[in-house]
Amino acid sequence: GQNIDQPTEMTATEGAIVQINCTYQTSGFNGLFWYQQHAGEAPTFLSYNVLDGLEEKGRFSSFLSRSKGYSYLLLKELQMKDSASYLCAVRLALGVTGGGNKLTFGTGTQLKVEL
Amino acid sequence: EPEVTQTPSHQVTQMGQEVILRCVPISNHLYFYWYRQILGQKVEFLVSFYNNEISEKSEIFDDQFSVERPDGSNFTLKIRSTKLEDSAMYFCASRSYNEQFFGPGTRLTVL
């Protein structure tokens, strides 16, 4: 099976930088995704990593280390509207039992941005 | 920007009744998914659909559930006889390459 771990909640200050970590144990890894979800709304795609390294997209960056089963999402210049749940999700490779491009989500990290 | 749409936004039903949740995926996408999220819990995969057939389903997706693409645009999830524990937010998603785009969800409340 797959196991995805991320902190339950974090608090940060407006204008600061925050790093949300995610660790996973899977077989046949084929990509890691980060989604943002505001309460009562749909998950919104933020980033995708399949190779090791850092992917930058404006205020958001995501890092992956496949050998360590580890990813983080980095949010810079935090704004109040960044208060949301951040979901780490893993995709398994085709041909692996349970694979086929479905996403397996972690429980999410609830980020609260304060003044 | 194209988006996934879902109707209704909220469905209230009595236990044992059938419900059909509707989704219109992004028009050039070929892969479709249903996920659900029970209040306060994580997003869970239900089923994936490609080329007019189910490509994968989870253990949640039992005989009470079915999916259909009745025409070129709609993608539906039917729950034949709803149970209290089916109360959740149901998200449709579609994909062309890597990113799965989620619809706004249908909140299903079973009384």
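These protein sequence lines are chains A and B, in that order.
The opening position of the first sequence corresponds to residue 8 in the working numbering, with each subsequent residue numbered one higher.
The opening position of the second sequence corresponds to residue 842 in the working numbering, with each subsequent residue numbered one higher.
Yeah, the Cβ is synthetic: ideal placement off N, Cα and C, and Gly gets one too.
* Asked: Based on Cα-Cα distance, which residue from A:L61, A:F40 and A:G47 lies nearest to L53 of chain A?
  -> A:F40
* Asked: Is the CB-CB distance between F934 of chain B and R877 of chain B below 7 Å?
  -> First, the residue type needs correcting, since residue 934 of chain B is Ala and not Phe in the sequence shown. Result no, Cβ atoms of A934 of chain B and R877 of chain B do not sit closer than 7 Å.
* Counted within 10 angstroms of its Cβ, other Cβ atoms place D903 of chain B as buried (16 or more) or exposed -> exposed
* Do G946 of chain B and A91 of chain A have their C-beta atoms closer together than 7 Å? -> no
* **Under 7 Å between C-beta atoms of Y79 of chain A and Q44 of chain A** => no
* To do: Quick one: measure Cβ to Cβ for Y931 of chain B and L862 of chain B, integer angstroms, because I've assumed they're closer than 8 Å.
  => 5 Å
* To do: Give the straight-line distance between the Cα atoms of K109 of chain A and G38 of chain A, rounded to the nearest whole angstrom.
  => 11 Å
* What separation, rounded to the nearest whole angstrom, lies between the Cα atoms of I901 of chain B and L887 of chain B? -> 6 Å
* Which residues does DSSP pair with V888 of chain B in a beta bridge? -> B:W875 and B:K898
* Asked: Does the beta-carbon of Q941 of chain B have 16 or more other beta-carbons within 10 angstroms, so that it is buried, or is it exposed?
  -> buried
* To do: Answer with buried or exposed for L71 of chain A, where buried requires no fewer than 16 other C-beta atoms within 10 angstroms of its C-beta.
  => buried
* Asked: Which residues of chain B have a Cβ atom closer than 9 Å to the Cβ of L110 of chain A, listed in chain order?
  -> Y874, Y876, V884, F886, A934 and Q941
* Leaving out five residues before and five after F873 of chain B in sequence, what residues of the same chain have Cβ atoms less than 6 Å from its Cβ? -> P866, F890, F916 and S935
* **Nearest-angstrom beta carbon gap, V951 of chain B and T854 of chain B [assumed within contact, 8 Å]** => 6 Å
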